[in-house]
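With positions in the sequence shown counted from 1, the corresponding number in our numbering is that position plus 86. Using N, Cα and C, we set each Cβ at its ideal position, and we do this for glycine too. Here is the structure we will look at, set down as structure tokens.
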Amino acid sequence: MIVLLSIWAFEKLPVINVNKRMEKVSATRRTARATKSTRFETLDAIQGVTVVLAMLDHVKVQFVTDVHVLVPLTRLSTPGFVILFGAMIEIAYLSKLRAGRTIRSVRERMASRLITCWALAALLSLAALASGSLDFDSAWRATLGLGLGRFNEILLIYAALFAILIAVLPLIARYGSVPILAVALLGWLLQPAFTAAFPDPPQLMNYILGVGTGYGPALLPAMTFLGFGFALGEALTGRRGYNLVVLIALLAIVICVSELSHGVLESGRRFLANRWTNHPGYYAVGILGFIGISACLVGAKHIPLLEPATNL
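Structural data, given as structure tokens:
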């Protein structure tokens, strides 16, 4: 029951409805419609893939815990969701704000999504309590992000990110992905200081700063995925070029090469463990995995036999 509710929650989050977005494209941009439509449809397909990966990962955790073959792949679902979240903010919210929608209306829409995400997280904790997977104390702590729950962590991250975006909406409306990436970079630079200052951090500190072990992706390091998604959305809408996207991808490659110095098998084990320690390697693999999935889907569209499978 918890697994089904988790997947339902993922699917009910804001999605990038390509057809609806493209119907509202102004006449001055009609010449670019075909190109942008293809790119946006790829984002929709990636969303479908991440949902399937999340389903497989949760089923594996619940029923076949001794099978690890697909885990490195299925664990790409969380990075995919957060990156898509960033792209969705640019495409579905900020582009409308620049087109004339008021800050208040956008904030109200974001606030409604925030409430939805938190309510779904609370519902999952309630389902876990009812099924006996969590006791009462663990359930209410998980609802508030004070403890680990049952598959509701990503929804709490969404809710927290919405709260941050609501607070800094004028800033990101003007500067886009730049302040988000600046915060992510600052977080990584300060991580050694955080680790030294909080050698045994409480769960909430782990949830926010990513120090300690047990919660991943934590809020501050997750800005890396969010900023990459922002930058990708900006490139797709034409607001900014692909320079930031390429720069982040190159940095991710450097980090992954460093991880591969431990050996291929050990790097795979480190990737699985790196999520819970919020190690840069987890975020690098997540970004490159997203790019790899995107490339596979774009390539599949040019193969008649595989093209229908991309319409997830």
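As assigned by DSSP and simplified to three states, the class of residue i
i	result
Thr136	helix
Arg355	helix
Thr188	coil
Ile389	coil
Lys122	Residue confidence for Lys122 is low, a pLDDT of 44 falling below 50, so the modelled location carries little weight; the figure read from the coordinates is stated next. It is helical.
Ala113	Caution applies to Ala113, whose pLDDT of 39 falls short of 50 and renders its modelled position unreliable; the model cannot decide the point.
Met108	Only weak support exists for where Met108 lies, its pLDDT of 42 falling under 50; the value from the coordinates is given anyway. Three-state DSSP puts Met108 in a helix.
Thr229	helix
Asp221	coil
Leu255	helix
Thr202	helix
Val264	helix
Asn360	helix
His144	helix
Pro278	helix
Asn238	coil
Ser380	helix
Val297	coil
Arg195	helix
Phe167	helix
Gly375	helix
Phe284	coil
Ser347	coil
Leu247	helix
Leu162	coil
Residue closest to residue i, alpha-carbon to alpha-carbon, out of the options
i	options	result
Arg193	Tyr179, Arg184 and Ala205	Tyr179
Met174	Gln133, Leu337 and Val254	Gln133
Ala213	Leu200, Thr229 and Ile201	Thr229
Gly372	Ser219, Ser181, Thr188 and Leu159	Leu159
Leu306	Thr299, Tyr293 and Phe248	Tyr293
Pro366	Ile250, Arg236, Leu271 and Ala321	Leu271
Glu176	Phe284, Arg356, Leu318 and Ala370	Leu318
Ala207	Asp221, Trp226 and Arg184	Trp226
Pro285	Lys387, Thr363, Phe167 and Leu333	Thr363
Thr281	Ala216, Trp274 and Val297	Val297
Pro288	Asp223, Leu234 and Met141	Leu234
Leu247	Phe167, Ser224 and Thr299	Phe167
Ser198	Ala216, Phe222 and Ala249	Ala249
Tyr368	Asp221, Ala386 and Trp274	Trp274
Supposed contact pair residue j and residue i - C-beta distance, whole angstroms, cut 8 Å
i	j	result
Phe314	Gly186	Not a contact, Cβ separation roughly 28 Å.
Ile189	Pro256	6 Å
Ala335	Ile377	6 Å
Leu162	Leu139	6 Å
Gly231	Leu290	7 Å
Ile252	Met196	5 Å
Thr136	Pro303	Wrong, their Cβ atoms sit about 14 Å apart, outside the cutoff.
Ala338	Leu374	5 Å
Arg356	Glu345	6 Å
Ala370	Ile341	4 Å
Leu210	Phe237	6 Å
Arg326	Ala259	Incorrect: roughly 14 Å between the Cβ atoms, too far for contact.
Ser191	Thr323	Not quite, the Cβ-Cβ distance comes to about 19 Å (not below 8 Å), so this is no contact.
Ala131	Leu383	5 Å
CB contact check: residue i to chain B, cutoff 7 Å
i	result
Gly172	The structure shown has no chain B; it contains just one protein chain.
Residue i: CB within 6 Å of a non-hydrogen atom of the ligand GTP
i	result
Arg184	Ligands in the displayed structure: none, and consequently the ligand GTP is not present.
Q.
List, from N- to C-terminal side, the alpha helix (DSSP H) runs of 4 residues or more that fit wholly inside the region 301 to 340.
A. Those alpha helix (DSSP H) runs which fall completely within the region 301 to 340 and span 4+ residues are 305 to 323.
Q) Using 8 Å as the threshold, is the region 303 to 313 in touch with the region 246 to 264, meaning 3 or more CB pairs across them? A) The answer is yes - the region 246 to 264 touches the region 303 to 313, with three or more Cβ pairs under 8 Å.
**Q.** Cβ contact (3+ pairs, closer than 8 Å) linking the region 238 to 251 and the region 198 to 205
**A.** The region 238 to 251 vs the region 198 to 205: in contact.
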